[in-house]
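Numbering that gives the first Met the number 0 applies: residue 0 is where the sequence shown begins, and numbers increase by one.
Don't be surprised by glycine CBs; every beta carbon is placed ideally from N, CA and C.
What follows is a short report on a single structure.
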Amino acid sequence: MAYQVLTDSDVLRLTRMKPVIEAIERVFREQANATLVSPPRFQLETENGNLVFTAGAATETEKVIGFRVYDTFSNDHSGHEQLVSVFDSVIGVFKGIIIGNLLGALRTGAIGGAAIKVMSRPDAEQLAIIGTGIQARTQLEAAIAIRDIKRVLVYSRNDINRKNFAEEMSEKLDMDVIPMDSPKKCVEKDIIICATNSRSPVINADWLKPGVHINTVGPKSMNGHELPIEVADKSSVITTDSLEQLCAYSTPHFLANTPYEQNIVQLSDIITGKTPGRTSLNDVTLFCSVGLSGTEVVVAHEIMKLAEKYARI
Numbered sequence: 000m001a002y003q004v005l006t007d008s009d010v011l012r013l014t015r016m017k018p019v020i021e022a023i024e025r026v027f028r029e030q031a032n033a034t035l036v037s038p039p040r041f042q043l044e045t046e047n048g049n050l051v052f053t054a055g056a057a058t059e060t061e062k063v064i065g066f067r068v069y070d071t072f073s074n075d076h077s078g079h080e081q082l083v084s085v086f087d088s089v090i091g092v093f094k095g096i097i098i099g100n101l102l103g104a105l106r107t108g109a110i111g112g113a114a115i116k117v118m119s120r121p122d123a124e125q126l127a128i129i130g131t132g133i134q135a136r137t138q139l140e141a142a143i144a145i146r147d148i149k150r151v152l153v154y155s156r157n158d159i160n161r162k163n164f165a166e167e168m169s170e171k172l173d174m175d176v177i178p179m180d181s182p183k184k185c186v187e188k189d190i191i192i193c194a195t196n197s198r199s200p201v202i203n204a205d206w207l208k209p210g211v212h213i214n215t216v217g218p219k220s221m222n223g224h225e226l227p228i229e230v231a232d233k234s235s236v237i238t239t240d241s242l243e244q245l246c247a248y249s250t251p252h253f254l255a256n257t258p259y260e261q262n263i264v265q266l267s268d269i270i271t272g273k274t275p276g277r278t279s280l281n282d283v284t285l286f287c288s289v290g291l292s293g294t295e296v297v298v299a300h301e302i303m304k305l306a307e308k309y310a311r312i
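What follows is the structure in structure tokens.
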């Protein structure tokens, strides 16, 4: 049986965000049905750097098993690539591999989109994004695919980065993405996405308006977090994609040992209707993305299926 070897260029050429979000939603349903195997990530540690592995198996509807691996070596050498390997979970046959860094950001964006779909106000039209890296881009694309967003504001501490982001995403999404010169001006919106590398809060909880939904993608540990803990105090619903991963970090999650820790629920419970994403239009809701193992494998498999389809045309 032939297997596929795909790269970032294939991912960019073949994928659209909405079908990826739908694949992610299927993974969450498998998680709720206990047919998803998603252990916490683990590291192979050396003196110069580590390899980080996330493995998973979706055995009911997707029928795939595999892993992702990436490195933490801190140098400027070329060749720092993520690998996602996919196998058939029924017969164990190797189906292929995707090499590159885009797939990881794509699936994280899609997870954020799945959270926005079930937690944000259905009438949400305005979105703020703090951060301008690849995660900010895919989170924004996912939000646009899920909600009828009419206005996007972006803030970054770097003036050039936020202007470039606004120009690039305005053209890509065919809508106005407006750079702002302060985070406070930026975040008084229906949806806020924080996708920074900041280890200190980038917004103030007092700036939040009733009904807002927040996705946090960046640092969320006791050693540093991009959101203030006070955001949790304002939140009626707090969720994550993997409680198991959240509890497995060597440095505890920023809400650990706080009154809010016991309030965190799995996103899969909301997607399957076990728990409401919000109980009123004025609820403030918070999604803490930590990375559900197995989602990369399912997304990679979706892209491989598309590659097969187009190869036959």
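Closest by C-alpha distance to residue i, when choosing among the options
i, options, result
"N262", "G276, G272 and S249", "G276"
"P200", "K188, P121 and T215", "T215"
"N203", "E229, M303 and N256", "E229"
"G55", "P39, T257 and A144", "P39"
"Y259", "S249, A113, L266 and S235", "S235"
"T278", "P227, L226 and G210", "G210"
"E59", "T45, E167 and V36", "V36"
"I191", "G217, L13, A310 and L43", "G217"
"Q134", "A123, R156, Q125 and F164", "F164"
"A231", "P251, V298, H212 and Y69", "H212"
"T131", "P18, V19 and S155", "S155"
"E243", "P227, S267 and N222", "S267"
"V314", "V153, A194 and P182", "The chain is shown from 0 up to 312; residue 314 falls before or after that span and cannot be answered."
"L11", "A22, T239, G99 and A255", "G99"
"I97", "G112, G272, Y69 and R146", "Y69"
"L43", "T71, L280, N160 and E166", "T71"
"V186", "K208, N32 and D158", "K208"
"N222", "S241, F253, I237 and A114", "F253"
Bridge-paired residues (DSSP) for residue i
i, result
"A123", "In DSSP, A123 forms no bridge with anything."
"Q3", "G95"
"H252", "S220"
"I263", "I237"
"G130", "Answer by DSSP bridge pairing: none, since G130 is not bridged."
"D70", "L50"
"I64", "A56 and F86"
"L35", "A57"
Element boundaries [alpha helix (DSSP H), containing residue i]
i, result
"G108", "L101 to M118"
"D158", "D158 to L172"
"L285", "Here L285 belongs to no alpha helix (DSSP H); instead the beta strand (DSSP E) covers V283 to C287."
"L82", "Where L82 is concerned, there is no enclosing alpha helix (DSSP H), although the beta strand (DSSP E) it sits in stretches over L82 to D87."
"I23", "M16 to A31"
"L242", "L242 to A247"
"P182", "P182 to V186"
Beta strand (DSSP E) segment containing residue i, residue limits
i, result
"E44", "F41 to E44"
"V297", "Segment T294 to R311 is the alpha helix (DSSP H) holding V297; no beta strand (DSSP E) there."
"A57", "N49 to A57"
"I177", "V176 to P178"
"L152", "R150 to Y154"
- [ ] For the segment 189-233, list the beta strand (DSSP E) runs that are entirely contained and at least 3 residues long, ordered along the chain.
- [x] 190-193 and 212-215
Task: Given 8 Å, three or more beta-carbon pairs between the segment 108-125 and the segment 281-291 - done: yes
- [ ] Report yes or no: do three or more beta-carbon pairs, one from the segment 19-31 and one from the segment 289-297, lie closer than 8 Å?
- [x] By the Cβ rule, the segment 19-31 counts as touching the segment 289-297, because three or more pairs are nearer than 8 Å.
- [ ] Would you check if the segment 134-146 and the segment 44-52 touch, i.e. whether three or more CB-CB distances between them fall below 8 Å?
- [x] no
Task: Touching by the beta-carbon criterion (3+ pairs, under 8 Å), the segment 174-190 and the segment 120-129 - done: These segments touch.
Task: Stretch-stretch touch, CB-based, cutoff 8 Å, three pairs: the segment 244-260 with the segment 97-106 - done: no
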